[in-house]
């Protein structure tokens with residue numbers, strides 16, 4: 001059709017408008033914070049540590065960073081506040097029995113639920129998937145949902161039965 005000399009293109013056909021900015025899916029971004037290391041961007045695997053800012057890291061990646069700080073890493077600005085192993089705390093996490101992870105069929109013929117978390121709160125049962133806020137205790141490293149710590153007011157950790165103060169750090 002056209003190209004016979006009788007067609008005249010309109011302005012909107014010739015001039016391209018400004019490109020639309022790609023929007024990041026906030027749910028997927030929140031889920032990624034709970035599944036990937038903030039330094040190496042690899043999947044989280046035990047042992048998992050957290051800093052005082054609430055970011056999750058693979059312990060191996062943090063130790064490699066601390067041993068060789070001169071090496072160029074893409075996300076090194078995410079760990080500039082970590083100067084030693086005293087700045088991180090190893091987390092005591094509870095596995096989610098519904099999470100299939102690597103055991104699941106990886107052919108691509110199944111729906112992968114990004115909202116299914118690897119870990120859960122041992123008190124309330126909420127999944128760590130970015131929808132709910134989680135905290136860890138500085139004394140033992142046990143991780144609970146913020147809702148569980150507010151509802152069940154106690155000074156003894158539910159998991160390891162150690163006393164803790166009312167200070168806890170919120171995970172991102």
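Numbering (the UniProt record's numbering), first residue to last: 1 to 172.
Beta carbons: idealized from backbone N, C-alpha and C, even for Gly.
Because the structure is a prediction, the values reported are computed rather than measured.
- Secondary structure in the stretch 15–89: the beta strand (DSSP E) runs of 3 residues or longer, each lying completely within the stretch, are 48–51 and 56–58 in chain order.
- For residue 149, there is no enclosing beta strand (DSSP E); the residue is part of the alpha helix (DSSP H) that begins and ends at 146–151.
- Excluding sequence positions up to five before and after residue 141, its CB lies within less than 6 Å of the CB of 89, 90, 91 and 92, all in the same chain and listed in chain order.
- Residue 155 carries a coil assignment under DSSP once its states are collapsed to helix, strand and coil.
- Counting along the chain, residue 137 sits inside the beta strand (DSSP E) bounded by residues 134–137.
- Between the alpha carbons of residue 73 and residue 35 lies a distance of about 20 Å.
- DSSP links residue 120 through a beta bridge to 94 and 127.
- The residues 144, 145 and 148, in chain order, have a CB closer than 6 Å to that of residue 121 in the same chain once the five nearest residues on each side in sequence are set aside.
- Beta-bridge partners assigned by DSSP to residue 142: 92.
- Contact between the stretch 41–54 and the stretch 75–83 is present: 3 or more CB-CB pairs across the two stretches fall below 8 Å.
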